Amino acid sequence: MIDFPLDLAVNSGITAAVVGVFLLLPPNWLLAPTLRQRLLTGTWLGLASVAGMYWSVLAGLSPMAELRPAYLTLALYIMGRQVGLIALVPTLLAAMLLPQPTAGTQLLLILMLMVWADLCRQLVRRDLSKVSPRVRVWLSLLLLAAGVQGLMVLGSELGWMTPMSHARVWRYAGSTLLLGCCLELLLGRARYEAQLQRRENELLQVLDSSGGGRWIWEVPKHRTTFQGSFYEQFDLGGPRGTDPWHVWLSHLHPDDAQRLERIRQDLLSSVDDGFETEFRVQDRGGRWHWVLARGRIVERDEQGLATRVVGMHHDITASHQASDALQLSQAKFQTIYEALPDAAGITRISDGTYREVNPAFCRLLGRERHDILGRTSLELSIWASPAERDKLLQCFREKGQVDSLPLLARSVNGDVIPGRMSARQINMDGEPCFIFLFHDMSEHQSMQDELVRVNALLQQAGRIARLGVWEDSPEPSERYWSDVCYELHGLPAGAGVPTHYVDQFVAPAYRGMFRSAMRRAVLEQRPFEQEIQIVRCDQRVVWVQAMAEPVVQDGQVRRVRGVIRDIDEARRARDRLRESEERFSRIFQAIPDPMGICSKATGRYLEVNPAWEQATGISRAEALQDSADGGLGLYTRVDREALLSTANAQGLLSAYEVDFTPRGQAPRTGLQSMQTIEFDGEACWLFGIKDITERKQAERLVQEREALLSLTIEAAALALWDLNMQTGDVIGDRQWRELRGLAPAGGDKPERWADLVHPEDEALAFAALERHQNHPDQPFDVTLRLRHADGQVRWVRNLGLVIARQPDGSPLRMVGVGLDVTRQREQEAQLQKLAHFDALTGLPNRVQLAHALEAAMQEARMNQRLLGVAYLDLDGFKPVNDRLGHGVGDQLLVEIARRLQGAIRAKDLVARLGGDEFVILLNQPECRNDCEAMLSRLMQRMAEPVRLEGEALTVTASIGLTLFPDDDADADTLLRHADQAMYQAKQAGRNRIHLFDAERERASREHHTRLDRLAAALQAGEFCLHVQPKVDMQDGTLVGVEALARWQHPEQGLLGPGEFLPQIEGSALEASFGEWVLTHSLGLQRQWLAQGLRVPLSLNISARHLQMADFPQRVQQLLAQYADVPTSLLEFEITESAALIDITAVSATLVQLRNMGLSIAIDDFGTGYSSLTYLRQLPADTLKIDRSFVMGMMSDIGDMAIVDGVIGLSRSFGLTLIAEGVETTEQGLRLLQMGCMLGQGYGIARPMPPQALQAWAAQWRAPEAWAQGLAKP
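In terms of our numbering, the numbers along the sequence shown are unbroken and rise by one, the last being 1273.
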């Protein structure tokens, strides 16, 4: 235990330091601290609490810290929850850094103390709100101290802290109360200072708002201080050390500066304490201010001399300005009174005598002022009649005043003067008087009469011009519409101004625009003009022009005046004109022929279209800027003058042929037309040019070709004929008659066309004629047989054209030429036969067979019948040909062809492909047996001996047969299939029929198609790798994964290996697919290593890879590309059956792989037929029990025995063992009990994407049954 007085002294010092820091803090820190200030205050109080608790421990005087609750509770109680919680943090940190046996209970006690302090701050103060604030503060402090005392006693009794005496226990309450009182006193002082500062600021604000400022003159220091915004306009800042008074004095008016300085010096020796004076001062803007200065001495020294003077300055400029304005107003009133154009004066009410009149009154009556003053209106006879005076007096007695009362006065010469009298009662020199104003209405009356006349004229002009006048005002009584306004809107005159004009009459499309224009005109006080559409009462929409301007009075818009004019007809005419101009412009620009406008006076181009620019090679900008007299060089001077001369003489020009030269091109010929128009008020030429250069060239070419054609027809022996389409008579020239075999003479005698044409060709002739009539742009073109004079027929090609028609469009006359093509026809027939038939046998050849086969397939498909395609090859023909020669061979082929033709039906076909190969088409057989029966009969016929060269020759045939559409292939494929079946018949012993197997072919084709699709998928990156974990079933850890390929099919989704591996295995794709798996496995390991995941990866290697001589070298190259991937993390799995293909070669390959650091696993072990000897030869590291045994061992004793045997083998050979296909907890448990610790299967995890492995490994746990079952004896 430490010495109690020493402890008291140290803690008193800490308390004094806390109070001292609070004494140094500014008031705002205590009353409204910022977040940073709260943080510093809480930290300071927390450190004080830590120092109080742990000073003895740190000094080595005591092994136990002693709780000091005052600092923490008062931090929360005085400064709030945030400061209290901040103060609690050092205490908690100290408790963790300097642990004590009772640290936990002391922290609990501290929290209870903090909660109690918060309750005292929140609840007690709120509940005692009716008590005065001072009493409430001390009561809450006492309650806080009592609660601290009670909690500390409770902690001591419960053993939460070291036992202590009652004096020490009471010390906590005393220190809390003492420190709390000190802090509350400091807070009270801060509140008092803040209140004084606030009141001083309020006084300064009041002074600022009154337009003044406060000054303080400290006489001994020769320093004057100015306070208030009033002084900001005078720039009182000067050089450092300068008294602002001298700067202030420099702003004073020279007449006032010396006087004010004198008053200031006199004040120091005066016995009076105060002074007051006015002076002028100039601000920084050059404006002068009148200032009222008041001052008072507030401090004197022992000799009675002033040491401190305070005062105020008030800006009284406005008061002086008001006084000056009053004097000016009086002067202005006198001036206005004298210059007033209306008669005015003052009369005494008691006797009616005039006391004052202005010059206008004198002029109105034609009297002098001295003649009027002192006399009455009756004496001066100023009224037209006594009734006028009585009316004035009567109005004054009733209303106490007179406002614009119509009266008639009389001048001195007797003229009656109409006017309006206004009067008010005033006191003048203590006497009630009558001040009046008489406004002469003579001129006004004349003007009013004139206005009435002018208004009538304006109304008439408005009706004629359809112009309405309106006025809008917030006051309904001031709104006005003229009669034309009502008429324009379809309203009766005087119907009343509409209250919601825009919504009632303005067309919807213009309402927003009209409102905006009105609003802008009012805001900007400027006139506006708009053309809008209104909807009349009869729903007719018309165009109007609205013009208005705001009426501004006193700077504000009081009303809006305007006019509205009917422009409907003019607007619609303008729109029509604009639309017409736009149409003209669009047509002008779009016309493909060059056009333009030029001035008649100057020839200057005013407008050209794009076609003109393209035709001339001159841009529009250049054409419009040209001012040369000779134009742009398009025409020669002679041609241009001739063109203009003709146009000016005729007033227009139509299709005038002229040559022009485009820019940078050869001369061209055009037809120019010109028409006089008016363009922008100027007489102009509208011209157009039609380029006929090509037409002129074509005309010359036609003439040349006509001459050439005449020579050609003569040289080509073409016969000309002329056919009358109505009578059917035809005549021809000399060549025509020679073609017909007639004498050259008598050429004008017509012949009947129908008699000339061969009967079989008449339909062909009429069809060609009808085609020509329906399509006149296509000539009449037909080759016919015409009768010759010798009775033979000649093939003649006829080309003709209808050159005349009747009014109804029917043909009237056709002319044409005829060409004898008999020789060509005969040659074509011979070529046709040679092209489609075999020259030796006369049978259809390969070409004819192709046409016939296509037609037969189409017919079979349409009729849903069979088609037999038989491919026949002779057996033993070559020996005959070699022994007896080709001549005998050819004779034999001819005889075979004759027998084949005789053996088939009429609807069937036999063709020779070449050599001793024939094809037979059997159309629409009933079934397969029907085909085979017909072919059997054919083979019997062919087997009959043939006697040639005195020798009996016998040949047989091997026939391949396929049936369409069972074999649903194209023509070429059908022949190939029949050929394949024929070769199979040859291989089966010859002289037989073999039927093609379409299903087998289809399956083979589908297999190849599937392989092509798989190759494309591999190329497109559609394959991906999933991984299946391998785990230690005993402790539940991940020991490796197996890479399994998946196909991410674009349409079918993710496909398993059963969908593609059977097709890949054994194919050419197997090697490239395996290389892809290895490459992506290495990439996957690289990615895992980068993520910090180190797990062995196994992948399957096919038998084809093991048979590849360069497989180890290819693996070595891939490993070199991924040198950052340890080879120990890779394992190759080979099946037992793959290893047995060539045990010696496979072992050598595996040894090379193991030398690279790779592991080798035998997959599906137990499914092959390997012996222990073979197993010993294989350099394997791991055996994998096939899933079939694992899945069946729970129900099959044999499978159980195999599993047990494999486990024993693995132990004997020192191999790692893993079981595949672990799908249930029971299977895993049984394997563990048998000694197999590693497993893989759906019961552990299904194959998953590589990115999901890490998350799976983090959450996977082995079943409890595995651990419990393994632990059992």
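Yeah, the Cβ is synthetic: ideal placement off N, Cα and C, and Gly gets one too. Remember, it's a predicted structure, so these values are computed and weren't measured experimentally.
Cβ-based neighbour list, residue i, same chain, cut-off 7 Å, excluding 5 preceding and 5 following
i	result
His489	Phe505, Ile534, Arg536 and Cys537
Arg1104	Glu1070 and Ala1071
Arg1154	Ile1160 and Pro1179
Ala969	His977
Ser442	Ile417 and Pro418
Arg825	Trp795
Ile1244	Pro1029, Val1031 and Val1222
Gln806	Leu812
Ala194	Pro27 and Leu31
Helix, strand or coil at residue i according to DSSP, with G and I counted as helix
i	result
Val894	helix
Asn863	helix
Lys986	helix
Trp1260	coil
Asp1012	helix
Thr822	helix
Gln726	coil
Ser1170	Note that Ser1170 has pLDDT 48, beneath the 50 cutoff, so the model's placement of it is unreliable and the number below is only indicative. Looking at Ser1170 - three-state DSSP - the assignment turns out to be coil, as it is neither helix nor strand.
Glu507	It is Ala, not Glu, that sits at residue 507 in the sequence shown. Coil, per DSSP.
Met114	helix
Pro592	coil
Asp761	helix
Gly490	coil
Met1193	coil
Cβ shell of residue i (< 8 Å), same chain only, five flanking positions each side left out
i	result
Ala517	Phe528 and Gln530
Glu1131	Gly1040, Pro1096, Leu1097, Ser1098, Leu1099, Leu1158, Ser1159, Ile1160, Ala1161, Asp1181 and Thr1182
Pro592	Ala611
Where residue i falls, given that 16 or more other Cβ within 10 Å makes a residue buried
i	result
Trp215	buried
Asn413	exposed
Gln672	buried
Met1156	exposed
Met1033	buried
Cys485	buried
His289	buried
Ser140	buried
Cys927	exposed
Asp966	exposed
His1026	buried
Same chain only: Cβ atoms within 6 Å of residue i, ignoring 5 sequence neighbours per side
i	result
Gly1214	none
Val83	Arg38, Thr41, Gly42 and Ala75
Ala384	Leu408, Arg410 and Val416
Pro498	Gln504
Pro1263	Thr1225
Distance CB(residue i)-CB(residue j) smaller than 9 Å
i	j	result
Leu653	Ala719	no
Asp566	Val542	yes
Asn1100	Val1077	yes
Leu900	Phe877	no
Ser422	Phe436	yes
Gln1240	Gln1028	yes
Val310	Arg296	yes
Ile564	Val551	no
Is there contact between the stretch 360-380 and the stretch 403-417, where contact requires at least three CB pairs shorter than 8 Å?
-> yes
Would you check if the stretch 883-900 and the stretch 943-959 touch, i.e. whether three or more CB-CB distances between them fall below 8 Å?
-> yes
Any contact of the stretch 306-322 with the stretch 391-398, i.e. 3+ C-beta pairs under 8 Å?
-> no
Would you be able to state if there are at least three C-beta pairs under 8 Å between the stretch 842-858 and the stretch 930-941?
-> no
Please confirm if the stretch 996-1009 is in contact with the stretch 1217-1233, defined as three or more CB-CB distances below 8 Å between the two stretches.
-> no
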